[in-house]
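Worksheet for the structure shown next.
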Amino acid sequence: GFPVTIEGQKVAIIGGSSGFSLDGSGQGESLGALTQVLEQQFVVNQATTDSLGKDTKTLVFVDSQSNDLDEKGVGGVREYLRNAGKAIIMTSGVDVTNQLTVATSESKLKGLLADYGITIKPDLVLSNQSEIVNFGTDSTRRVLAKYPYWLTTNVFNPDASYTSNVGFLMFPWASSVQL
């Protein structure tokens, strides 16, 4: 994970998997784009679920299929939230493979979210506000098409400084939420 200093307040970003890469090295899923946006406004440093404390004002948790988060890690996030911590948790109700097959997500964060009355449903949301995806099979063949399972938005709260440098957000394979 990665703490960020915002006017003296820490924001911790945790990838939940050793496969995440901030340096764009291609090891696992890259948080490079997220880091680049954050570095425009904040200082990014490394953190873990064990280092969440009273000085961490917000936790951004990016879950993934390759998540190696254990019960101790979930317990660290749960304890942080019990002590009035705030969190943005990005997880999915389904796992999508490279072959575009789906299975119900095995995220270890489901129980934590249920503690707060949140259920991530095992479905996919479709939208006409979607990303253009290359479905080509190699570098010589490009087939670009809008892919309704990758949602995009450019609508942000104009008073929120943390989105002032963000042009749009994409949510690949988003699931619906039940409260």
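This note's numbering puts the first residue of the sequence shown at 39, with every later residue one more than the last.
Where is the CB? At the ideal position from N, CA and C, for every residue including glycine.
Keep in mind the model is a prediction, meaning the values are calculated, not measured.
Taking a 10 Å sphere around the C-beta of residue 113, we find fewer than 16 other C-beta atoms and assign the residue as exposed.
About 4 Å separates the beta carbon of residue 171 from that of residue 185, a gap short enough to meet the 8 Å contact definition. In this structure, the CA atom of residue 132 is about 5 Å from the CA atom of residue 160. Assignment of residue 71 by DSSP, reduced to helix, strand and coil, places it in the helix class. Counting other Cβ atoms within 10 Å of its Cβ, residue 198 stays below 16 and is therefore classed as exposed.
Inter-residue distance for residue 148 and residue 158 is about 7 Å (C-alpha atoms, whole angstroms). Our two residues, residue 203 and residue 75, have alpha carbons roughly 7 Å apart in a direct line.
Contact between residue 167 and residue 142 is ruled out by a C-beta separation of about 26 Å, above the 8 Å threshold. In this structure, DSSP gives residue 187 an extended state, which the three-state scheme calls strand. About 14 Å separates the beta carbon of residue 123 from that of residue 151, a gap too long to meet the 8 Å contact definition. Its Cα nearest to that of residue 214, the residue 156 stands out among 53, 117, 156, 71. Sequence-distant Cβ neighbours of residue 116 in its own chain, meaning closer than 6 Å and more than five residues away, are 150. DSSP places residue 95 inside the beta strand (DSSP E), whose first and last residues are 94 to 100.
In this structure, the CA atom of residue 93 is about 32 Å from the CA atom of residue 210.
In the DSSP secondary-structure assignment, residue 52 is bridged to 99. Excluding the 5 residues flanking it on each side, residue 216 has same chain C-beta neighbours closer than 7 Å at 157, 159, in chain order.
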